[in-house]
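Residues -2 to 292 (the working numbering) make up the sequence shown, in order. C-beta: ideal position from N, C-alpha, C; glycine also. As structure tokens, the structure follows; a few thoughts come after it.
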Amino acid sequence: MEETEVIIVNGIDTPTYDAIIRQAIEYAIISIPFTFNRMEIDDLQQKIFNIAKGKVAEGLFLQFCQMNDIPVDSQSCTTPFYQADHRDFVLMNWEWDIKNNYLYHPGQILEKYAYVDLPALVPNRGEWDQWGKRDRKFQASTKGAGFIFTFLKNQDRYRKGQTYFSIHLSTDQHALLHKLYNRYKGKHQDKEPFAPLKFWQRFLESSPHHKLNFSVSERPWLIICGCAIHKHWELFTDSGAGRHLYPSEEPATLITTINNRTCPIGKLPSFASIFPDLRDGMKGAFFKSTTVSEN
């Protein structure tokens, strides 16, 4: 793909954006007792935040599709909160996962480097990981599975523990989630372990203000880049374990700490190429070749 095929989603209004963040946090909180700790992060709140970050990108992408009449089907991929996700949605009779990564740079749009020079990343720490399951289908009627690669800005520069939204849990809420996590050990369940309404009643009552407490400091634009299916797998190679900077010098725009299968975005087809009519006009978005104000 070319840099001019990069889609910049800048038109999601504040109430809708914040609702997407809220829904992502709610999903992360209620599902955390049944979520395997793939990142090996001991801090429960950080685990919740990492799940929510991925769900925000998915929610923004689905909102963009809705605004532009792109026929995504997320309902057929929905699993109960106590079971592992399958795929994010079905589109064009393929099962897709959003693979989003967070960038560090000034402004809303990456200007110093090209998005197409950044890596498409799929976690590959073992056969159980997402690369190992890249061809697994969860629906008999679909053609196969693939990935769509997106980016969101996190901060102007890397600062440990600082992000564009924050989750604030009370001591009692921490205690409740730790109790449930220790009970279910991050394993999915075959049947509903508790009633969601009762959980939320107890969870909110454990907050001094009886509400879900989170804050948003910035609403980054979603950057939609390339996509990949089975015929593109040969383009991907292992990054190797350990800390990697993209580009390789400081200050880095993208930082990874695990082994990924990776391919330069520019070697993949663009998401925009699947829907050429988007060139005739998009709602809430523009192509990077177009000059607009960030204000």
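- Residue range 168 to 181 is occupied by the alpha helix (DSSP H) that includes residue 170, with no beta strand (DSSP E) assigned at that position.
- An exposed status is given to residue 33, since fewer than 16 other beta-carbon atoms sit within 10 Å of its beta-carbon.
- The beta-carbon separation of residue 164 and residue 29, rounded to 11 Å, does not stay under the 8 Å limit for a contact.
- By the neighbour-count definition (other C-beta atoms within 10 Å, threshold 16), residue 238 is an exposed residue.
- Going by DSSP, residue 252 is part of the beta strand (DSSP E) stretching over 251 to 253.
- Excluding residues up to 5 positions away in sequence, 0 lie with their Cβ nearer than 7 Å to the Cβ of residue 111 in the same chain.
- In this structure, the straight-line span from the alpha carbon of residue 277 to that of residue 136 is close to 33 Å.
- DSSP places residue 139 outside any alpha helix (DSSP H), giving it a letter other than H or E.
- Note that the C-beta distance between residue 221 and residue 86 is not below 8 Å.
- Beta bridge pairing from DSSP links residue 282 with 6.
- In the DSSP assignment, residue 223 falls within the beta strand (DSSP E) that extends over 219 to 225.
- Distance from the CA atom of residue 262 to the CA atom of residue 114, rounded to whole angstroms, is 6 Å.
- Straight-line measurement puts the Cα of residue 41 at about 38 Å from the Cα of residue 280.
- About 16 Å separates the Cβ atoms of residue 225 and residue 4, ruling out a contact at the 8 Å cut-off.
- In this structure, residue 96 and residue 144 form a Cβ contact; the two beta carbons are roughly 5 Å apart against a cut-off of 8 Å.
- For residue 234, the pairing in a beta bridge is given by DSSP as 259.
- Assignment of residue 48 by DSSP, reduced to helix, strand and coil, places it in the helix class.
- Judged by DSSP secondary structure, residue 21 falls within the alpha helix (DSSP H) whose first and last residues are 11 to 28.
- Annotation for residue 86: the continuous beta strand (DSSP E) segment containing it runs 86 to 88.
- Rounded to the nearest angstrom, the gap between the Cα atoms of residue 47 and residue 109 is 27 Å.
- Beta-bridge pairing by DSSP links residue 242 to 252.
- Between residue 15 and the set 219, 63, 125 and 211, the nearest pair of CA atoms involves 211.
- Taking one beta carbon from each stretch, the region 243 to 251 and the region 115 to 125 have 3 or more pairs nearer than 8 Å; the two touch.
- In the DSSP assignment, residue 100 falls within the unbroken beta strand (DSSP E) covering 91 to 101.
- Distance from residue 233 to residue 260 at the Cβ level is roughly 5 Å; contact confirmed, criterion being Cβ atoms closer than 8 Å.
- In the DSSP annotation of this structure, the continuous segment of the alpha helix (DSSP H) that includes residue 201 starts and ends at 193 to 202.
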